[in-house]
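Chains as they are written, first to last, in our numbering: chain C, 1148 to 1335; chain A, 258 to 433.
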């Protein structure tokens, strides 16, 4: 009923420690193999991503080469924009030609123009001198001129009857600039 | 004796295993860090490629407008040349006068003014002709190759009253 070991106690403890060492060696071996396997897998995955990155870098290099080929167009556009900006910097100008045409076309037969002066030396204005057969002709024409775009603010500077000819000499002053310093019309 | 030798071998094996484990762990950590770095770089590279692709597409789109850009530059280069080229202005006035059937009487160049790297060349011009012809001259001067801004116009009827009028212009032209 009882198991009685007749082995000496030194031998027993030797057997126990020997089993412990074997177990430790086995565990260590498993750990080493497992770690090496993990290292292998990680290296494999890392290499796949390295290759992917290299492929992307090559792809980017090709795109950058193509960009370099087309860079001249940016220079061309910059040159064009710079010139455009310089021209804009010079400022707006007024289409005098069409303004004078409009004035000329509005002149009735009963009115003769002697001079038209347009200038912006101090303020942008048109000065018109002429003669008419009657006062009504002048006032009618002033209404016509006032209908032209940008020429709304007509001032009659003088209206004198020439005693020799009997004609009415007149002088009109038309300021073109509005208060905010923008041209009243016909600006390019 | 045999046991002692076996015991020593076991200790060496354990020590060697421990060293191998440490080395493998260090390598593993290094690899994982490298992998993380690669992933980050891949993400950045994908972003860079996307941006570069957009830029390339934009440049290709712009390159289709190359001729238009060149034409615009040529036109603006004539409008605002890099030298005074007074002869061009004289020719422009003469051509405008000839095409409009007027007499080109006078041109004076005044003192130049430099402002913001652009030199202004004030000039005055005198033309004789009929009313409509003078309007045509003004139009051709304004919309000629060279940028000419007319500041003042004085239209005066001749004393002979023969329909011929004199137009005196004060204008500015420019160069870079």
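Yeah, the Cβ is synthetic: ideal placement off N, Cα and C, and Gly gets one too.
- Per DSSP, reduced to three states, the secondary structure at residue 1171 (chain C) is helical.
- Chain-ordered, the chain A residues with CB closer than 8 Å to the CB of residue 1242 (chain C) read 399.
- In the displayed model, residue 386 (chain A) falls within a strand according to three-state DSSP.
- For residue 1298 (chain C), no beta strand (DSSP E) encloses it, and the DSSP letter there is neither H nor E.
- Using a Cβ-Cβ cut-off of 7 Å, residue 1285 (chain C) is close to nothing in chain A; its nearest Cβ partner there is about 18 Å away.
- Contacts between residue 1206 (chain C) and chain A, judged by CB atoms closer than 9 Å, involve 302, 306 in chain order.
- Using a CB distance cut-off of 8 Å, residue 1262 (chain C) counts as an interface residue toward chain A.
- Of all residues in the stretch 1183-1212 of chain C, the ones placed with a Cβ closer than 8 Å to any Cβ belonging to chain A are 1183, 1185, 1186, 1189, 1190, 1192, 1193, 1196, 1197, 1199, 1200, 1203, 1204, 1206, 1207, 1210, 1211, in chain order.
- Contact annotation, residue 383 (chain A) with residue 407 (chain A): C-beta distance approximately 13 Å; criterion of less than 8 Å not satisfied.
- By the Cβ neighbour-count rule, residue 1270 (chain C) is exposed, with fewer than 16 other Cβ atoms within 10 Å of its own.
- Here residue 414 (chain A) is buried. Its C-beta has 16 or more other C-beta atoms within 10 Å.
- With contacts defined by Cβ atoms closer than 8 Å, residue 410 (chain A) and residue 388 (chain A) do not form a contacting pair.
- Counting the other Cβ atoms within 10 Å of the Cβ of residue 1153 (chain C) gives fewer than 16, which makes it exposed.
- The DSSP-derived three-state label of residue 368 (chain A) is coil.
- At a cut-off of 8 Å between beta-carbon atoms, residue 1318 (chain C) makes no contact with chain A.
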